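> In the working numbering, the protein residues as written are 43 to 254. Note that the Cβ used here is the ideal one computed from N, Cα and C, for glycine as well. Please read all numbers here as calculations on a predicted model, not as lab measurements.
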C-alpha cells in the first residue's frame, strides 16, 4: 500500500496440475500411455486506486501453460483414441475494472479485458487402438493458433440502482470479441499445420436483473 488511495500488487507462481480424468482414461476405461502433469508458470502485476466515490484496478498477466491437453479426448471414426502430450499455450493480457458512485444508491461499473491466448507449439499424438497398441504417431503443429472457447476481448458497463435498502435493479451491457472455435490438434498436419481456427462473429449481451 503506497497510501490510503494507491496500491500496487505482484503475483507469481508455478503450478504442477494433475491431468483431468478424461485425458487419463479413454471412454473404455483404458489408461493412456505416458501421462504427464500440466506445468503452469504465471506472473501478474497491477495497480489499484480507491476513494469514496471511485475505485479501480488495472493489471497485466503473462501465463505460460505447458503440456495443456485438449478439453476432450479425440477419437478416430473407428473408436481409437489419441494421447496428446506437449501442447503448450501462452496467455497474456490486460484487465481493467472500476466502480463510480454517482449517487449513494447509484453505481456505474465498468470492465475491460484484452487478451492474446495462443497455442505456441507442435507435438506428436499417439493413436491407440482398443487393446492399447500404438497404431500410428501423428506429427502436428499448432503454433500461433488461438485458444478456443473463450472470448479474449470483453468490454462491459452497468448501472446499479438501489431502490430501498437491499432492493436493487441493474442494467448491464457486455461486448465479446476474438472468440475462436476449439480445434483438434491432430487435424493440423501436413498442409494444415498452424492453420488458424474459425473465429465466430463478435456479439454483445444486454442484461436486466433485479433482486432483494
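Helix, strand or coil: which one does DSSP assign to residue 221?
Of the three classes helix, strand and coil, the one that applies to residue 221 here is strand, per DSSP.
> Would you say the beta carbon of residue 204 is closer than 6 Å to some non-hydrogen atom of the ligand GTP?
Inclusion of the ligand GTP in the displayed structure is not the case, the ligand content being empty and no account of it being possible.
> Would you mind sorting residue 228 into buried or exposed? The rule is 16 or more other CB atoms within 10 Å of its CB.
Per the 10 Å Cβ criterion, buried.
> Do you know whose CA, among 61, 84, 92, lies nearest residue 44's CA?
Cα-wise, what sits closest to residue 44 is 92.
> Could you tell me if residue 184 is buried or exposed, where buried requires 16 or more neighbouring beta carbons within 10 angstroms of its beta carbon?
By the 10 Å Cβ count, residue 184 comes out buried.
> Ignore the nearest five residues each way along the sequence and tell me which others in residue 246's own chain have a CB closer than 6 Å to its CB.
Closer than 6 Å at the Cβ level, and outside the excluded window around residue 246, lie 217.
> What residue range is occupied by the uninterrupted beta strand (DSSP E) comprising residue 51?
Start and end: 48 to 59.
> For a test of the three-state rule: what should DSSP assign to residue 233, helix, strand or coil?
Reduced to three states, the DSSP call for residue 233 is helix.
> With a CB to CB cut of under 6 Å and the five nearest residues on each side skipped, what residues in its chain are close to residue 65?
Cβ within range, chain order: 111.
> Please go through the same chain and pick out, in chain order, the residues whose beta-carbon is closer than 8 Å to the beta-carbon of residue 94, but skip the five residues on each side of it.
Hits under 8 Å: 143.
> For the candidate residues 182, 160, 162, 161, whose alpha-carbon lies nearest to that of residue 169?
Checking every option, the nearest Cα to that of residue 169 belongs to 182.
> For residue 240, is the classification buried or exposed, using 16 other Cβ atoms within 10 angstroms of its Cβ as the cut-off for buried?
Looking at its Cβ environment, which holds fewer than 16 other Cβ atoms inside 10 Å, residue 240 is exposed.
> Could you spell out where the beta strand (DSSP E) holding residue 152 opens and where it closes?
That run of the beta strand (DSSP E) goes 148 to 161.
> Can you tell me where the beta strand (DSSP E) holding residue 64 begins and where it ends?
Note, residue 64: premise wrong, no beta strand (DSSP E); not H, not E.
> Beta carbon of residue 106, beta carbon of residue 165: below 7 Å?
Contact: no.
> For residue 156 and residue 132, which I take to be in contact (beta-carbon distance under 8 Å), what is that distance rounded to the nearest angstrom?
At roughly 15 Å, the Cβ-Cβ gap does not stay under 8 Å, so residue 156 and residue 132 are not in contact.
> Suppose you measure from the CA of residue 73 to the CA of residue 176; what does that come to, to the nearest Å?
About 13 Å.
> Ignore the nearest five residues each way along the sequence and tell me which others in residue 249's own chain have a CB closer than 7 Å to its CB.
Excluding residues within five positions, the ones whose Cβ falls inside 7 Å are 214.
> Relative to the C-alpha of residue 154, which candidate in 193, 49, 203 has its C-alpha closest?
Considering only alpha carbons, the answer is 193.
> Residue range of the beta strand (DSSP E) that residue 99 falls in?
Start and end: 96 to 108.
> Run the CB neighbour count on residue 126, radius 10 Å, all protein chains shown included, and call it buried at 16 or more, exposed below.
When all chains shown are included, residue 126 counts as buried.
> Check for me: the beta strand (DSSP E) holding residue 137 runs from which residue to which?
From DSSP, the beta strand (DSSP E) with residue 137 extends over 131 to 145.
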